[in-house]
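Asker:
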Amino acid sequence: MLLIPCPNCGPRDETEFHYGGQAHVAYPENPNELNDREWAEYLFYRENTKGTFAERWVHSTGCRQWFNMVRDTVTYDIQAVYQMGSPRPATAVPAAAESGTATTAANSTITLGDAASSTPASSISAPEGATK
Amino acid sequence: MSTHQLPEHPEFLWHNPEPKSSYDAVIVGGGGHGLATAYFLAKNHGMTNIAVLEKGWLAGGNMARNTTIIRSNYLWDESAAIYEHALKLWEVLPEELEYDFLFSQRGVMNLAHTLGDVRESVRRVGANKLNGVDAEWLDPQQVKELCPILNISDNIRYPVMGATYQPRAGIAKHDHVAWAFARKCDEMGVDIIQNCEVTGFLKDGNRVVGVKTNRGTINTEKVGLCAAGHSSVLAEMAGFRLPIQSHPLQALVSELHEPVHPTVVMSNHVHVYVSQAHKGELVMGAGVDSYNGYGQRGSFHVIEHQMAAAVELFPIFARAHVLRTWGGIVDTTLDASPIVGTTPVENMFVNCGWGTGGFKGTPAAGLTFAHTIATGAPHKLNKPFALERFETGALIDEHGAAAVAH
Ligand SMILES: Cc1cc2nc3c(=O)[nH]c(=O)nc-3n(C[C@H](O)[C@H](O)[C@H](O)COP(=O)(O)OP(=O)(O)OC[C@H]3O[C@@H](n4cnc5c(N)ncnc54)[C@H](O)[C@@H]3O)c2cc1C
Ligand SMILES: [Zn+2]
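Printed below as a string of structure tokens:
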């Protein structure tokens, strides 16, 4: 079970969330100009990164807001959570970094050293209008 | 239940040769599909100067981790054709490979718990019959007769409203299947090389000409990818993309029990599938974890959910103890069908996307993929399963249609 630090509600059990797959996949700007290959890319092709991956989650049984999260797909360590619409933060945090070192970066990005560390909810500042 | 004993282990089943500097073809991944591919390349196409490269130990990936359900009762014609061909091969392989891996045709039931399930199931039985796949619709009483330990009372959250039943379906000993293929490959001169991880590809323009490994560079004319959960990682090394997402999939066994469960029961709706292994363990699997994962482990709540469903359907399991749980990495596609065919890289071929249900497909994957590698063109059975279908839109959507995809 992952312990997911919702930007609005703090750390909650994974069972309260739903997964939304790869983050930052924008709807094509000019859909009419896409060929079949490009549509296939948009509809069916997603990154399947082994390692640090930016993905979307929704806190379905909590605040019901979507947010982005950077997670290692091998160790499952959560390295950052940030608002929809914000660029992916740099997460040079090694998976084995010491725990409990959550720092609140610019733009309400939360960079975590270790997913297992139960970051107190109070150290997570809720971003305004977290969905987009 | 079979009172069969497994055969004694021979001293060894294959050699462990050093990799040669070149081969006519290299198969990446020594799971069931890689081994079956090598077997059919050697047997049907006379290609014996080939190697199977496995980064870990032979068949230690999903091949060692699956719940071994074999069936062919898929909805769509393309799927019914390839899975039924696989089932027919399962029926002759023990003799052909001279290895009794305990293929037990004890039947598989897919339970229906809602009116929607019932309609989908009856439709699938009809489609199966038209495709020459053995299929029956059972009412709850008939379900109970075949599997007396199932709770068919209508006093549970999702009562059993009936089931589809495929009598020729069943289970087999997965490790022994891999060893059976490996032994025959070895006898025919195929090099099976363990602890050999492919770390990159050598290309001449857009044509693959070799593989880089932790044990040196190997030249080859053709490469066949059979890396299941790691298919995307290898494709990326080769310079193309696959519409695959890798997810954790977990299973578990109980401690040994007297034979109580005569068949295989799957429930799509409550997400559990159960059989009893020859030795007596109850073998149970669940659905995938929602998130992408390469960790060979998933979340505990998935197992908890699966056990809740199992105990409601099989009240006598309430006192059984879990002995072991584990996870594999499954390569899922959006239409829940495999990808077997050519790639954008010349002389490189891919067999992947079997996801949560590729053990049953092992012989047909091997047969059709070997054909594709040897001739450069797909066999008629794998033609519909080409990568191009994601562009043409000719998807083979077995989601829901196939019941749980195992
Ligand atoms: C828990 C679980 C239950 C399942 N239950 C069923 C079931 O009941 N019925 C069913 O039909 N299917 C089932 N499946 C699915 C089935 O196991 C897979 O579809 C099938 O095993 C995949 O083919 P494979 O055997 O070749 O895969 P694998 O055994 O995973 O083989 C792939 C191999 O590639 C190797 N590899 C990866 N990268 C490299 C590299 N760079 N270099 C060299 N080697 C590499 C891996 O180490 C691995 O050994 C289940 C899977 C799981 C995890
Ligand atoms: Zn929340």
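Protein sequence lines, in the order shown, are assigned to chains S and B.
Residue numbers for the first sequence follow this note's numbering, so the first one is 54 and each next one is one higher.
Residue numbers for the second sequence follow this note's numbering, so the first one is 104 and each next one is one higher.
The beta-carbon is built from N, C-alpha and C at its ideal position, and this holds for glycine as well.
1) Measuring straight from C-alpha to C-alpha, what distance separates Trp160 (chain B) and Asn298 (chain B)?
2) How about the region 78 to 86 of chain S and the region 368 to 375 of chain B: do they share at least three Cβ pairs that are nearer than 8 angstroms?
3) Could you confirm whether any beta carbon from chain B is found closer than 9 angstroms to the beta carbon of Glu86 (chain S)?
4) In whole angstroms, what separates the C-alpha of Ala143 (chain S) from that of Ala389 (chain B)?
5) According to DSSP, is His118 (chain B) part of a helix, a strand, or is it coil?
6) Considering only residues of the same chain and omitting the five flanking positions on each side of Leu218 (chain B), which have a CB-CB separation below 7 angstroms?
7) Applying a beta-carbon distance threshold of less than 9 angstroms, which residues of chain B neighbour Arg109 (chain S)?
8) Could you name the residues of the same chain whose beta carbon sits closer than 7 angstroms to that of Arg109 (chain S), not counting the 5 residues immediately before and after it, in chain order?
9) Since Glu67 (chain S) meets chain B, which of its residues come closer than 8 angstroms, beta carbon to beta carbon?
10) May I ask whether a heavy atom of ligand 1 can be found less than 8 angstroms away from the beta carbon of Ala167 (chain B)?
11) Between which two residues does the alpha helix (DSSP H) holding Arg90 (chain S) run?
12) If contact is defined by three or more beta carbon pairs under 8 angstroms, each pair taking one atom from either stretch, is the region 262 to 280 of chain B in contact with the region 301 to 319 of chain B?
13) Can Arg65 (chain S) be considered in contact with ligand 2, in the sense that its beta carbon sits closer than 8 angstroms to one or more heavy atoms?
14) Which residue's Cα is closest to the Cα of Cys455 (chain B): B:Gln348, B:Asn395 and B:Arg400?
15) Examine ligand 1 and report whether any of its heavy atoms sits within less than 8 angstroms of the Cβ of Val336 (chain B).
16) Any Cβ of chain S within less than 9 angstroms of the Cβ of Pro346 (chain B)?
17) Taking the straight line between their C-alpha atoms, what separation do you get for Met137 (chain S) and Glu100 (chain S)?
18) Counting Cβ pairs, one atom from each stretch, are 3 or more of them under 8 angstroms apart for the region 398 to 409 of chain B and the region 232 to 241 of chain B?
19) Is it the case that the Cβ atoms of Asn485 (chain B) and Val448 (chain B) are separated by a distance below 9 angstroms?
20) Taking 8 angstroms as the cut-off, does the CB of Tyr61 (chain S) come closer than this to any heavy atom belonging to ligand 2?
21) In chain order, what residues of the same chain have a beta carbon less than 6 angstroms from the beta carbon of Gln379 (chain B), not counting five sequence neighbours either side?
22) With 16 other CB atoms within 10 Å as the buried threshold, where does Asn147 (chain B) fall?
23) With a threshold of 8 angstroms (Cβ to nearest heavy atom), would Cys116 (chain S) be considered close to ligand 2?
24) What is the rounded straight-line gap between the Cα of Ala266 (chain B) and the Cα of Val356 (chain B)?
25) Go through its chain and collect everything with a Cβ distance to Ala215 (chain B)'s Cβ below 7 angstroms, but skip five positions before and after it.
26) Please report whether the beta-carbon of His333 (chain B) lies at a distance below 9 angstroms from any beta-carbon of chain S.
27) Below 7 angstroms on C-beta distance, what does Phe90 (chain B) contact in chain S?
28) How big is the Cα-Cα spacing for Ala148 (chain S) and Asp125 (chain S)?
29) Here's the rule I'm using: 16 or more other beta-carbon atoms within 10 Å means buried, otherwise exposed. How should Pro64 (chain S) be labelled?
30) Sort out for me which residues DSSP pairs Leu214 (chain B) with in a bridge.
31) With Arg310 (chain B) as the anchor, note down where its beta strand (DSSP E) starts and where it stops.
32) Going by beta carbon distance, what residues of the same chain come within less than 7 angstroms of Leu498 (chain B), once the five residues before and after it are set aside?
33) Could you check whether the Cβ of Ile173 (chain B) sits closer than 8 angstroms to any heavy atom belonging to ligand 1?
34) Confirm, please, whether the CB-CB distance from Gly319 (chain B) to Asn152 (chain B) is below 9 angstroms.
35) Can you give the beta carbon distance from Gly135 (chain B) to Phe462 (chain B), rounded, assuming they're within the 8 angstroms contact cut?
Answerer: Once the coordinates are examined:
1) 6 angstroms
2) no
3) no
4) 36 angstroms
5) coil
6) none
7) Under the 9 angstroms cutoff, chain B gives no residues; its nearest Cβ is about 11 angstroms from Arg109 (chain S).
8) Gly73, Gly74, Ala76, Trp119 and Asn121
9) Ser402 and His404
10) yes
11) Asp89 to Phe97
12) no
13) yes
14) B:Gln348
15) yes
16) yes
17) 18 angstroms
18) no
19) no
20) The residue you asked about is not Tyr; residue 61 (chain S) is Asn in the sequence shown. Yes, ligand 2 has a heavy atom inside 8 angstroms of this Cβ.
21) His364 and Leu385
22) exposed
23) yes
24) 24 angstroms
25) Val221, Ser224, Met264, Gly265 and Ala266
26) yes
27) Examination of residue 90 (chain B) is not possible in this model, given that chain B is present from 104 through 509 alone.
28) Because the pLDDT of Ala148 (chain S) is 44, which lies under 50, any placement of that residue in the model is unreliable, and the number read from its coordinates should be weighed accordingly. The straight-line gap from Cα to Cα measures roughly 8 angstroms.
29) buried
30) B:Ala266 and B:Ser370
31) Arg310 to Thr316
32) Asp438 and Arg492
33) yes
34) no
35) 6 angstroms
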